[in-house]
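Just so you know, the protein sequences line up as chains A and B, in that order.
Quick note: the first sequence uses my numbering, first residue 1, plus one each step.
Quick note: the second sequence uses my numbering, first residue 334, plus one each step.
Yeah, the Cβ is synthetic: ideal placement off N, Cα and C, and Gly gets one too.
Number of protein chains: 2
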Amino acid sequence: MLDERKAAILRAVVEEYIDTALPVGSAHVVKSSGVQVSSATVRHDMATLEQEGYLRQPHTSAGRVPTEKGYRFFVDHLGQPAPLRGSEAVQVRSFFDHAHGELEQMLQDTSRLLGDLTNYAGVVVAPTPTETTVLSVQVVSITATTALVVAVMSNGAVEKHTVELAEPIGEERIGAATVHLAAHLTGRGRQALGALPATGDAATDALCTLALGSLRRHGGEEPDQVFVGGTSQVAHAFDAIETVREVLGILEQQYVVVTLLRDVLDRGMHVAIGTETGMAPLAECAVIVAPYRVDGEAAGTIGVLGPARMDYPQAMAAVAVVSHRLSQRLTEG
Amino acid sequence: MLDERKAAILRAVVEEYIDTALPVGSAHVVKSSGVQVSSATVRHDMATLEQEGYLRQPHTSAGRVPTEKGYRFFVDHLGQPAPLRGSEAVQVRSFFDHAHGELEQMLQDTSRLLGDLTNYAGVVVAPTPTETTVLSVQVVSITATTALVVAVMSNGAVEKHTVELAEPIGEERIGAATVHLAAHLTGRGRQALGALPATGDAATDALCTLALGSLRRHGGEEPDQVFVGGTSQVAHAFDAIETVREVLGILEQQYVVVTLLRDVLDRGMHVAIGTETGMAPLAECAVIVAPYRVDGEAAGTIGVLGPARMDYPQAMAAVAVVSHRLSQRLTEG
DNA sequence: GCTGGCACTCGGTAGCATCGACTGCCAGGT
DNA sequence: ACCTGGCAGTCGATGCTACCGAGTGCCAGC
């Protein structure tokens, strides 16, 4: 563990580097850290910090830059959770006060809110429908051999899936299937999607099975819906154009984004820095994630993706607040 | 109008500049244009082309670069519509052969396809529900004072809207509203959303009115859904990071994107270059748009957004093919 | 009307000296 | 044992100059 002064020095380096993106020299540390020693002493400590892997020097005769380990120590031990700036608290409050309508639209807007608050990319993963119950099911015929299964879930989400039929099916059987499905699914949870008693009519049963299958799949390995906002911020956060492109590429792959957030949470982390993300192209990035809850149950995830030299205290505060307010908003109905 | 040689020279400049992003000198033109004259003559013509506004010189003693007018002439008179490269034709074919499921998901994927094909950002505006008919309507209660109106349209789209009720309403009235709405809307088009006969029950009527309103609004001034794919390509297409950011910013504002595409089409154009887009931040960009059709009716729009020095023939071919195949796919059901 | 030739322009690059922000180390003081 | 001021040394960044070369405009001549 680091003694107090070294910790203070490390904090000063991280904070300054986050601010300026420039390597930090001992003189700056003396000015900004509050430690009452000379720059020579600081130099000594910085050399030690470098040996221990918290800092590194881009080249001799340059200042120090935090390593992944340095950032990690910072967020674990030094990042006093900054309260949100007043104007931003207002922004969040007003956002959730005015949020209305469509769940998807609101989540999309939330991702943009996160982007605006932090100046990094904001991500929102839609609630997985695991623990919701079915409010209503309906089968609608679109063409002779395609039908649409629409299920409204108790969390306000609407699942819809096209099913392709082997052969044309009449309106009356579609109706029968609707009734049958409604009878057995309404008010029940996902576990009801396992099996269904037969109706006695083969074609109707076939349709019901397809419908069930599509609903089951949707909550299964099918990727969760994900919304990304504030991609334009990415262009500011990195100076290497190639990095920008890589990060945008990642954000485009919804599946990857979902996996990333889930992985981080699964490992019990709220912040993943550089290689901790488990994704090579994100070596220069950091991710902050938080789950949100609906009716007390973990439902989905939000997060921000920014550069490793991220304003952690601020971003963590933003994520925490948004997750809290979102949970509240989704729970109250 | 330009005489034949000047046109050939202009074409050479545009093509070379598109390729290299470097100002093109008279010697290069001689090499690549096929005109059988000396560089001095080309220089003469290029000076004329510059006076007439087709080319400009970044600075004395540099080569020429096309102006907006130059690109415009190129696409209007010189852009022989390049056939799609074989591998890309395959890619498009296989995409539409395998496209299935959810309309929204497919449109999202289509936008990415456009991005991949052109290496610019791909945009797809979802079909406006204007000319579709209602296949089914249903009202589902979510909480005591909120209900969800779900309508399945004949094009496979599902419209859903939350409505907030002034006071709690019972299940049986929700059911009554569903029945009432279904009776009057099923099989009818958007014009049926105007008014509804009364049921005799005030609470049910109130709910019906709210539901109608929400559906009407959705097809009205409410922005169309838009999908953007290939944003990461934007980082490659421009070298100025500030431009990248501006363009990404535009692409994030769905409303702006929809307006942009619609405007261009309304003006009867398929290609808008620089200021022709009507948007200042897109001064260095060009947009290619095409409508797609469902059952012969113009339904939505697709497009790509790239730099003004875009590979027009190739991109136009890609947009044309995708629009054609998408129309086909959506029409056949 | 086209051409080769020529003088000229000017951005980009390479070389070079300088500057300054750093560091590491050390001898001396507390 | 620890801290400090001082000092020599490193090395990227900055600025200067000289030069190169791609490109131009112009002109006299075919």
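query	result
Between GLY249 (chain A) and chain B, is the shortest Cβ-Cβ distance under 8 Å, so that the two count as touching?	yes
Using the C-alpha atoms, what's the distance from LEU185 (chain A) back to ALA237 (chain A)?	48 Å
Between the segment 577–584 of chain B and the segment 614–621 of chain B, can you find at least three pairs of beta-carbon atoms closer than 8 Å?	yes
Quick check: is the beta carbon of LEU114 (chain A) nearer than 8 Å to any beta carbon in chain B?	no
Taking the beta strand (DSSP E) that SER136 (chain A) falls in, what are its first and last residues?	134–143
Does GLY189 (chain A) come out as helix, strand or coil in the three-state DSSP assignment?	strand
Does MET153 (chain A) come out as helix, strand or coil in the three-state DSSP assignment?	strand
If you run the structure through DSSP and keep just helix, strand and coil, what is GLY582 (chain B)?	helix
Cutting at 8 Å between CB atoms, please list the residues of its own chain near GLY607 (chain B), excluding the five before and the five after it.	GLU401, TYR404, LEU615, ALA616, GLU617, CYS618, ALA619, ALA641
Looking only at its own chain, which residues have a Cβ that is under 8 Å from the Cβ of VAL363 (chain B), when we skip the five neighbours before and after it?	VAL370, SER371, SER372, VAL375
Helix, strand or coil for ARG600 (chain B), going by three-state DSSP, please let me know.	coil
Interface residues of chain A around VAL473 (chain B) at Cβ under 8 Å?	LEU135, SER136, VAL152
Would you verify that the beta carbon of GLU435 (chain B) is, or is not, closer than 8 Å to some beta carbon of chain A?	yes
Residue range of the beta strand (DSSP E) that TYR292 (chain A) falls in?	285–294
For the candidate residues B:PRO624, B:ALA623, B:ASP596, B:MET602, whose alpha-carbon lies nearest to that of MET612 (chain B)?	B:ASP596
With a 10 Å radius around its C-beta and 16 neighbouring C-beta atoms as the bar for buried, classify GLY419 (chain B) as buried or exposed.	exposed
For PHE406 (chain B), which three-state DSSP category applies?	helix
Hey, would you say SER111 (chain A) sits closer than 8 Å to PHE227 (chain A), going by beta carbons?	yes
Helix, strand or coil: how does DSSP classify PHE238 (chain A) here?	coil
Looking at the structure shown, is ALA510 (chain B) part of a helix, part of a strand, or coil, going by DSSP?	helix
Given that THR495 (chain B) touches chain A, what residues does it touch there, using C-beta distances under 9 Å?	HIS100, GLY101, GLU102, LEU103, GLY156
Look at GLY636 (chain B) and LEU663 (chain B) and say whether their C-beta atoms are less than 8 Å apart.	no
Cβ closer than 8 Å: which chain B residues qualify as neighbours of THR259 (chain A)?	Near THR259 (chain A) there are no residues of chain B at all, since even the closest Cβ is about 18 Å away, more than 8 Å.
Using a Cβ-Cβ cut-off of 8 Å, state whether GLY553 (chain B) counts as contacting chain A.	Confidence is the limiting factor: at GLY553 (chain B) the pLDDT is only 46, short of 50, which leaves the residue's position unreliable, though a coordinate-based value still follows. Chain A, which has no Cβ nearer than 8 Å to the Cβ of GLY553 (chain B), makes this no.
Run through DSSP, which three-state label would HIS161 (chain A) get?	strand
Any beta-carbon of chain A closer than 8 Å to the one on VAL655 (chain B)?	no
Between LEU148 (chain A) and chain B, is the shortest Cβ-Cβ distance under 8 Å, so that the two count as touching?	yes
Given a cut-off of 8 Å, decide if LEU498 (chain B) and ALA480 (chain B) are closer than it, judged by their beta-carbon atoms.	yes
Would you mind listing the alpha helix (DSSP H) stretches within the segment 77–108 of chain A that are 4+ residues and don't spill past its ends, in chain order?	86–98
Three or more C-beta pairs closer than 8 Å, one from the segment 78–93 of chain A and one from the segment 6–15 of chain A: is that the case here?	yes
Straight-line CA distance for ASP470 (chain B) to LEU117 (chain A)?	It should be pointed out that residue 470 (chain B) corresponds to Val in this sequence rather than to Asp. Distance between the alpha carbons of VAL470 (chain B) and LEU117 (chain A) is about 39 Å.
Should TYR453 (chain B) go down as buried or exposed, given a rule of 16 or more other Cβ atoms within 10 Å for buried?	buried
For GLU554 (chain B), which residues in the same chain have their Cβ closer than 8 Å to its Cβ, ignoring the five residues on either side in sequence?	With a pLDDT of only 45 at GLU554 (chain B), under the threshold of 50, the placement of this residue in the model should not be trusted; the figure read from the coordinates follows. For GLU554 (chain B), where only same-chain residues beyond five positions count, there are no Cβ hits under 8 Å.
If you compare alpha carbons, which of B:MET643, B:TYR588, B:PRO624 is closest to ARG600 (chain B)?	B:PRO624
ILE635 (chain B) bridges to which residues according to DSSP?	B:VAL457, B:ALA623
From the DSSP output, in three-state form, read off LEU148 (chain A) for me.	strand
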